[in-house]
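A short write-up of the structure that comes next.
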């Protein structure tokens with residue numbers, strides 16, 4: 040079994056809204072494996088999508104036939120920064136004039152719309168694993184998040200001919216429970232959309248030892264479903 044370890048280094052601040060608390064929009068310090076699979080170019084999508092409904096299962100399950108799987112990315116060195124932004128009010132037509140509002144007793148206000156984004160700072164580093172051999176090479180540069188932040192991908196290790204072992208093990212790397220054929224017995228929950236991840240999961244089944252990390256063998260996109 041082939042498992043390749045990669046390091047991801049941010050060259051811009053990374054933002055995506057994991058939690059919204061009033062005017063504060065927070066980014067989780069993990070990168071979801073589905074988002075990473077799209078960013079690595081392993082899934083080809085049209086430039087224009089007429090629908091806003093995500094098609095994760097239709098896009099990702101064909102990769103199971105190639106034996107390729109991408110794990111979530113775990114932070115190994117990171118910092119947060121706070122950015123304040125102003126939301127523009129783009130109104131192209133007025134349903135009611137201010138004079139009509141006054142006659143109807145509607146209060147006229149001019150309040151700015153703003154918020155604060157808690158982003159992962161540039162130069163933060165993550166690591167993730169790719170199981171199997173992708174059809175196309177992993178790119179050196181990718182873009183992530185709402186701002187399409189630039190990130191550098193470096194290969195830091197390759198493990199060839201790994202022999203699966205069987206038993207109870209704990210995986211210190213984050214996993215996607217919807218992609219696991221094994222059911223975790225104990226785990227730490229990482230709450231984030233579109234599906235929460237688990238870390239420090241205790242499982243019973245086949246696994247491979249990659250350095251200090253024990254990775255489940257039976258992982259594929261939407262394997263639990």
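Residue numbers (my numbering): 40 to 264.
Quick reminder that beta carbons are idealized off the backbone N, C-alpha and C, glycines included.
*Helix, strand or coil at residue 72 [DSSP, three-state]*: helix
*asked:* Quick check on the burial criterion: 16 or more other C-beta atoms within 10 angstroms. Buried or exposed for residue 184?
replied: buried
*What do you get for residue 156, buried or exposed, if any count of 16 or more other CB atoms within 10 angstroms of its CB means buried?*
buried
_For residue 206 and residue 252, I'd like the C-alpha separation in whole angstroms._
15 Å
*Look at the Cβ atom of residue 215, then the Cβ atom of residue 72, and state whether they are nearer than 7 Å.*
yes
*Please name the residue or residues paired with residue 157 in a DSSP beta bridge.*
65 and 121
*For the putative contact between residue 74 and residue 182, defined by C-beta atoms under 8 Å, what is the C-beta separation to the nearest angstrom?*
The Cβ separation is near 11 Å, so there is no contact.
*Proximal residues to residue 229 (C-beta, below 8 Å), its chain only, five neighbours per side dropped*: 67, 69, 213, 235, 236, 237 and 238
*For residue 200, which of helix, strand or coil comes out of DSSP?*
coil
*What residue from 48, 202 and 264 has the CA that sits closest to residue 249's CA?*
202
*In chain order, what residues of the same chain lie with their CB nearer than 6 Å to the CB of residue 231, ignoring the 5 residues before and after it?*
57 and 67
*Cα separation between residue 173 and residue 196?*
16 Å
*Nearest-angstrom Cα distance between residue 152 and residue 125?*
6 Å
*The beta strand (DSSP E) enclosing residue 227, as first and last residue numbers*: 225-229
*Let me know the secondary structure DSSP gives residue 57 once reduced to three states.*
coil
*asked:* With a threshold of 6 Å on Cβ separation, who are the neighbours of residue 193 within its own chain once the five nearest residues in sequence on each side are excluded?
replied: 46
*So, residue 246 versus residue 204, is the Cβ gap smaller than 7 Å?*
yes
*asked:* What residue range does the beta strand (DSSP E) around residue 49 cover?
replied: 42-49
*How long is the line joining the alpha carbons of residue 189 and residue 76, rounded to whole angstroms?*
15 Å
_Euclidean distance between Cα positions of residue 260 and residue 61_ = 34 Å
*Count the other CB atoms, across all protein chains shown, that sit within 10 Å of the CB of residue 42; report buried if there are 16 or more and exposed otherwise.*
buried
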